[in-house]
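So the numbering used here is basically just the index in the sequence shown, starting at one, shifted up by 47.
Where a beta carbon is used, it is the ideal one built from N, C-alpha and C, also for glycine.
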Amino acid sequence: MKPLMLQEGCIWHPGWLDGRAQQDLLEEVRAIVRAAPLFRPVMPKTGTPFSVMMTNCGPLGWVSDQVGGYRYQPVHPETGQPWPPMPQSLLQAWAALAPGAPPPEACLINFYRTDARMSLHQDRDEADFNVPVLSLSLGDSAIFRMGGVERRGKTRSVKLASGDALVFGGAARLAFHGIDRVLAGTSSLLKEGGRINLTLRRVSPAPA
Ligand code: MD6
Ligand code: FE
Numbered sequence: 048m049k050p051l052m053l054q055e056g057c058i059w060h061p062g063w064l065d066g067r068a069q070q071d072l073l074e075e076v077r078a079i080v081r082a083a084p085l086f087r088p089v090m091p092k093t094g095t096p097f098s099v100m101m102t103n104c105g106p107l108g109w110v111s112d113q114v115g116g117y118r119y120q121p122v123h124p125e126t127g128q129p130w131p132p133m134p135q136s137l138l139q140a141w142a143a144l145a146p147g148a149p150p151p152e153a154c155l156i157n158f159y160r161t162d163a164r165m166s167l168h169q170d171r172d173e174a175d176f177n178v179p180v181l182s183l184s185l186g187d188s189a190i191f192r193m194g195g196v197e198r199r200g201k202t203r204s205v206k207l208a209s210g211d212a213l214v215f216g217g218a219a220r221l222a223f224h225g226i227d228r229v230l231a232g233t234s235s236l237l238k239e240g241g242r243i244n245l246t247l248r249r250v251s252p253a254p255a
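Right, here's the structure in full:
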C-alpha cells in the first residue's frame, strides 16, 4: 500500500513488511528476548508499573524505574548484560525509511498482551529531535492515537497492523502519541495473540 502522511513529518507505510519479513523479524525478536528477557518498567516517582513489557537491542536500551527515571543505558536492568546487537533487517529498515539519518543506537521492543495500553507521551529522551523514530509493528492491530506537540491538542487515531511502519520525524517528532488498545484476534502471527512494536532511535548527537 502506498505511504500516507498523517501529519507533517509523520509517514505511515501500511504493510511495509510482507508476511515472510514479519515471520523473520518475529524470529529475531524471539532470539533477542532469550538473551535479554522482557522486563516490566515502572513510572518514575510513582512506581506504577507499565502494562507493556519491554526489552531492547542495539548499543543502548530504553529503561525506566522509580529512582532513575526514563533513560538509555548500555545494559539490561535485571541481568546487567549488554543488549543483543541490532539485527541486520532493522538496520536495513532504517536505511530505507530514514535515509541519511545517523545510525540507530537503540531499538525498544514493546510487548502488549491484549489488555495492555500505552498512555499519551512524547519521545524526548534522545539528544537530537531532528532524527526520526522508526516504528515497526507485529501481531494484532492496535489503535494508535496521535496529537500535536501539546498534550491537550486534538488527536486522530489510526489502526496500526502487523507489518506496518511509521516514521515519526520532522514537525511530528515531538507529537504526543499512544496506544489506546490492542484489537485481539486481528492477526495470527503470534500464537497467543498480542502485539509487538519495535522503535528504532538515535540517542546521541549525530557524529560531526
Ligand atoms: C507503539 N509507539 O506503537 C508505541 N514512539 O506501541 C510509540 O510509542 C512510538 O510508534 C515514537 C515513535 C513512533 C512510535
Ligand atoms: Fe513513543
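| Item | Value |
| --- | --- |
| Threshold first: 4 residues or longer. Then list the alpha helix (DSSP H) segments lying entirely within the stretch 112-162, N to C. | 135-144 |
| Cα-Cα, which of G195, E152, S235 and S204 is closest to G217? | G195 |
| Bridge partners of A189, per DSSP? | L207 and V229 |
| Can the beta-carbon of S234 be found less than 8 Å from the beta-carbon of S209? | yes |
| In terms of residue numbering, what span does the alpha helix (DSSP H) encompassing R77 cover? | G66 to A82 |
| Locate the beta strand (DSSP E) running through V99, then write down its first and last residues. | Per DSSP, V99 belongs to no beta strand (DSSP E) and is neither H nor E. |
| Which same chain residues end up closer than 6 Å to H224 when comparing Cβ atoms and leaving out the 5 residues on each side of it in sequence? | M193 |
| Would the stretch 69-87 and the stretch 129-144 be scored as touching if the rule is three or more Cβ pairs under 8 Å? | yes |
| At a threshold of 7 Å, does V180 count as lining the ligand NAP (C-beta to nearest heavy atom)? | As far as ligands go, the structure on display features the ligand MD6 and the ligand FE and does not contain the ligand NAP. |
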